[in-house]
Every structure is written in structure tokens, then in C-alpha cells.
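Written out below as C-alpha cells is the structure these notes cover.
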Amino acid sequence: MQGINVILKKELADHFSSYRFVIIFALIAMISLITAYMVGLNIRQQLEGVAKPRFIFLMLFTAPGAMFSLVQFVAFFGPLVGLILGFDTINRERNQGTLSKLLSQPIYRDVVINGKFLAGVAMITIMLVSIVLVITGLGLLVMGIVPGLEEIWRIFFYLVISIVYVSFWLGVAILFSILFRSTATSALASLAVWIFFSFFVSIGANIVANALATDPSPENPEAIIRQARIIKAFQLISPMELYTDATATIIDPLRKSTRSMISVGPMENISMARFSGPLPLGQSILIVIPYIISLVAITIICFAVSYTVFMRQEIRSL
Amino acid sequence: METQAIIETNGLTKIYHNDVAVDHLSFAVNEGEIFGFLGPNGAGKTTTLLMLLGLTEPTSGSARVLGLDPAREPIKVKSAIGYLQENMGFYPDLNAVQMLRFVAELNGLTGSEIDGRIEEALHMVGLATEAEKKIGAYSRGMRQRLGVAELLIKDSKVAFLDEPTLGLDPDATNRIMELIERLCHDKRMTVLLSSHLLHQVQKICNRVGIMIKGQMVAQGPMDRLAKEKLGIGQETYSLEEIYMKYFQEA
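If you want it as C-alpha cells, here you go:
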């Protein structure tokens, strides 16, 4: 893999000096900080006069702030980071005429993709780690609660899964940048995939479930369960759902299944927790491991397609 | 002096979606010579160069560069060849030193060696004072000279120059041609030069090959081609007359 470090270095330098990165980082940092602050204040108010429940620190990530929780925020907007970092990876070089210069140097073609992907993953890692660290710090200040060792481990696993998830979207964007010559087309195509999976899959899942399992009513609880199962199975084609399920019991150990059928507020969560023990870390990981493996698998598939397409492409100078 | 063939092709053919770009091309370039690679636009010159570099696989036929098969050992071939494409392909956001360092590192050069070579190369092509300027702000002529500097950094034995004088003013053209001639002379570099400026080609090339519609219609020393085509003595021919003669026939 001669040259991969050279390309990695150059790409990192490019990312750091690009306005694109600064803007998206600022945007995400701002939203996360505001959300974390609101959640922190909220939890502190609710906790007044109550004994500190276990894993209260993790609620900083799972309890909704203004509109959504931080976990939901990453699930929804994380893909955008990957897409924005990657949508013009190869086709910009092609349009600039620099791709053939790069490939006429003594390096293999896959080194170019690998180097660029790794640089993107490095940027994602830096972004997510720094944001989670800042949120944790803010949480310490606002809530006045120190996270336990297990909570730190859970945050760590959550981070790793999130990095894989955003990297998957980076891979999708790189694939589109190989498939399409124009950067505008590849940007639109990646956005279309993102919108499809974030909105239409869940709508589609409901329609399919309604069609397949009829008459869900309180008198007919089996139908409700059947419907819920169908929805879940259908939604798993969306990487977003995979990610939500992969992080579910990791970041929220009190959750009894990877998907709750009714939504409850933070206070109900706390009071429910008094009657139920949290899942140990090892068990939590066991539950989510299939989802993590699927997430890694779709990333690899995406990469395999990128490789084969890129290797066969003719390099014509413009 | 007996020289050996550095570049050799044998029945090299490339077909793009039923379009024959290069049609059974056979030619040879000897060590230390400047070979003028002529032909109208779209004759398949660039495709030939890409096949010789191992960037495109030939549909049939074979090529050898320095005794290596570019389709099988592209890395070795690419490290020996300096390729300057038409638009040069430099990153506009980098300055000359950054660009040359990037190329040098991709070619496996390390730390201390690089700085010296970059300084020397930029000095030689007359860009030493412009080294910190972004390439995006360079003029065409400066970009071409930076391309020559890249050849020096790579210390290439073989150079493929695809229209290095395209769109240059007469002065810049002369400078580039002089640089190329000097490189060839000092470093015994073998140069495959594709250009439309026949007057310049005539001045510096030892031999020429004329490629039309994917086929090499003529190759050899210019005086021989002149004798064959024009049938007159050595003093009075110009490459342009020879070229036009072949072009009209084809």
C-alpha cells in the first residue's frame, strides 16, 4: 500500500483547510451543545429532591431536548456529515483533471479510494469524539453528576458505532462520486438516498404493516404485535434503523427491547427504572451485536461496489 | 552507436465501445531520442500514451516500456515514466513546493532528499521565485514549466509529453522546448512528444511518427520521410509539408 499515507496526509490537510468542514462542524457543534444544555437543565430540575438513579448520565444523550435527543440527532444528521465529506471525492479530481495525474504516479488505484476514505473516517472520528467530549463536559457542569466507569464504557461503544454509521454514509457518497461525473449529480443522488431512508422507509413500513396485519385493536393484541414485528422487519432495510437498534441498549441500558412500543418521558423512565434492573454492559453488547455486524457489512458492500466500479473505469484525460 | 528500444509496441489496439481508437499500432522509440508523435486531434495519441502507462488496458497487442509490460507491471512502469498530460492536472490550491512534494512522496522519496531536489528543479525551470504562489494563479507557461520540474523530481528515464505547448505564447513555447531538449541531452531522457507545432517538432525531434485514425501511417527520421513523400533534397523540406501530404492521403 505504498503512498496511502501520502494521500491520507494530503486529504486531511484539504479537509482541515476547507470551509465546508468548518461550516458543518460549527453547525453540528452548535446544535449538540444547545441540546445537551437543555437536556442537562431539564434533568437537573427533575432530579431535585430525588435520589440519583443509575445511568442518569447517559440520559444526557437519550432524553429529548428541544425537539430530539442527541442520539436521534446523530442518527438523522450524522449521515449528512458523511455525505458532505464524500460526495465529490473522485469526480472533483476527475473534473479538475488531477485524477489522471494521481493515477500516473506509481500507486495502485485502490490506494486512492482507501486513502480518501480513511481521511474521511479520521475527520468523522475527530468530529464525533470532540463533540461527545464537549457534551460530557457540559453535562458535568450543568447536572453536577459524574459518570460512572460503566457509563464511560457505554459512551465509548456508542461512539465507535456512531463512527461506523457515519462512515457508511461516507462510503455511499464516495460510491456516488465514482458513479457520477458531475459533483452536483452525486450530491443530489446521495441526498436522495438519505431522504429515502430517513422518511420513506418508515412510512412504507407502516403501509406494509397495515396491509398485512389487519384490525389492530385493544381487543386484538396479537394483531398489534404482528404489526409491530412487520414494521420492525421492514424498517431494518434502513441504515438509520440499524444504527438506532445498534446503539439502543448500549446507550440506554434500562430499555427492555431494542425498540419501545410506547414513548415515555424522562421522569417515567426514571420511575420505571426503580422497578427494573438495567442490563449489564456485556448483555447489552450481545443484544446489539447483530445490528453492528449488519452495519459493518453494508459498509463493506458499499466499498466492494466502489472498488469494482473504479477499477474498471477508463481513465480518459479531458 | 547501437541504441536499444525503450518503448516498443506490437499490434497495440484499443477499442472503446466498437470505436477503434488505436488500430494495430507498432512503433519503437530508442534510448535518448526525442520522438515526435504527430497526428490530428482524436487520432488516438493520448489513448496510446495511456496504454503505455498502464492506465488503460489494450484490447489486443502488447507494449513494452523499458522491457516491462505496462498492463502487468503498471507500478514499475509508472515510476519510471514522467507523464505530462494536456491540462497538467495540478491541484490549484497547492503551491509549487507542496505539489512537487506530494508527487515526490507518492514516488517513495523521503524527507531530506525531497527538499534539495525541489529547490534544484524549480531553479532549473525558472520558478524559484514563484514557488510559494498557488498553482491556480499560475499562467499556462508557468504550469508547463512546473510540469517539467515534476519530471526532474521523479528523475524519469522516459517522459511522455502530451501537447506541452498547447495554448502557449511563442516565448513560452521556446522555453519549454529548450527545457525538453536540455533534459533529453543532459539526462539522456527518452521523450515521446506529442505536439501540433510542427515547426518546433522539426527543430528538436530526431524521428517522428504520424498517427492518423488510430494507425501509424509513417515513422522514421524526417529526411527519409521527406525523400519518400516529397521526393526532393534535404534542404528544402518542412515537416508541415510532409504532414499535410500524409494527412490528405489518409
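Taken in order, these protein sequences are the chains called A and B. Going letter by letter, the first sequence gives residues 1 to 318 in my numbering. Going letter by letter, the second sequence gives residues 1001 to 1250 in my numbering. C-beta: ideal position from N, C-alpha, C; glycine also.
C-alpha of ILE315/A to C-alpha of VAL1201/B: approximately 27 Å in a straight line. For ILE1075/B, the C-beta contacts it makes with chain A under 9 Å involve GLN2, PRO106, ILE107, TYR108, in order along the chain. A direct Cα-to-Cα measurement between VAL81/A and ALA173/A gives close to 10 Å. A buried status is given to ASN42/A, since no fewer than 16 other beta-carbon atoms sit within 10 Å of its beta-carbon. In chain order, GLN105 make up the part of chain A whose C-beta sits under 7 Å from the C-beta of VAL1103/B.
Bridge pairing for THR1009/B: ALA1063/B [DSSP]. Secondary-structure assignment with DSSP links MET1211/B through a beta bridge to MET1216/B. Beta-bridge partners assigned by DSSP to THR1190/B: VAL1158/B.
Residue pairing by DSSP places ILE1034/B opposite VAL1191/B in a beta bridge. Under the criterion of beta carbons closer than 8 Å, ALA248/A and ILE230/A do not qualify as touching, at roughly 19 Å. Looking from the CA of PRO1040/B, the closest CA among ASP1093/B, PHE1090/B, LYS1229/B, GLN1215/B belongs to GLN1215/B. Taking the CA atoms as reference points, ARG312/A sits about 9 Å from THR1056/B.
Interface criterion not met: the Cβ of LEU1151/B is under 9 Å from no Cβ in chain A.
With contacts defined by Cβ atoms closer than 9 Å, TYR307/A and ILE113/A form a contacting pair. Non-local C-beta neighbours of SER186/A in its own chain, meaning closer than 8 Å and more than five positions away in sequence, comprise PHE87, ASP88, ASN91, ALA173, PHE176, SER177, LEU179, PHE180, ordered along the chain.
One thing to note: LYS1045/B has its Cβ no nearer than 9 Å to the Cβ of ASP1186/B. Using a Cβ-Cβ cut-off of 9 Å, GLY97/A is close to GLN1085, GLU1086, ASN1087, MET1088, GLY1089, PHE1090 of chain B, given in chain order.
If you ignore the 5 residues before and after PHE25/A, its C-beta comes within less than 7 Å of the C-beta of MET127, all in its own chain and listed in chain order. Per the coordinates, the alpha-carbon of LEU236/A lies some 24 Å from the alpha-carbon of ILE84/A.
Collapsing the DSSP output to three states places ASN1095/B in a strand.
Residue environment: ASP252/A is assigned as buried (16 or more neighbouring CB atoms within 10 Å of its CB, all protein chains considered). Under the three-state reduction of DSSP output, ILE161/A falls in the helix class. Taking a C-beta distance under 9 Å as the contact criterion, ILE155/A and SER32/A do not qualify as a contact pair. In this structure the region 1048–1067 of chain B lies against the region 1079–1086 of chain B, because at least three pairs of beta carbons, one per stretch, are closer than 8 Å. The beta carbon of ILE1006/B does not come within 9 Å of any beta carbon belonging to chain A, so the residue lies off that interface.
In the same chain as ILE287/A, and ignoring 5 residues on each side of it, the C-beta atoms closer than 6 Å to its own belong to THR249, in chain order. Comparing C-alpha distances from GLU1073/B to each of LEU1122/B, GLY1231/B, GLY1054/B, ALA1104/B shows the shortest one belongs to GLY1054/B.
Per DSSP, reduced to three states, the secondary structure at TYR243/A is helical. At a Cβ-Cβ threshold of 9 Å, VAL1158/B and THR1190/B count as neighbours. The beta carbon of MET143/A sits closer than 8 Å to the beta carbons of GLY40, ILE43, ARG44, LEU47, ILE56, PHE57, LEU60 from its chain, once the five residues preceding and following it are set aside; these are given in chain order. Contact between the region 1171–1179 of chain B and the region 1205–1215 of chain B is absent: fewer than three C-beta pairs spanning the two stretches fall below 8 Å. For SER1079/B, the residues of chain A that pass the 7 Å Cβ criterion are PRO106, in the order they occur in the chain. GLY3, VAL6, LYS10: these are the residues of the region 3–28 of chain A whose beta carbon lies less than 7 Å from some beta carbon of chain B, given in chain order. A check of alpha carbon separations from THR1059/B across ASN1030/B, LEU1012/B, LEU1049/B, GLY1036/B identifies LEU1012/B as the nearest.
As DSSP reads the structure, SER294/A sits in no beta bridge. It is roughly 24 Å from the alpha-carbon of ASP245/A to the alpha-carbon of ALA122/A.
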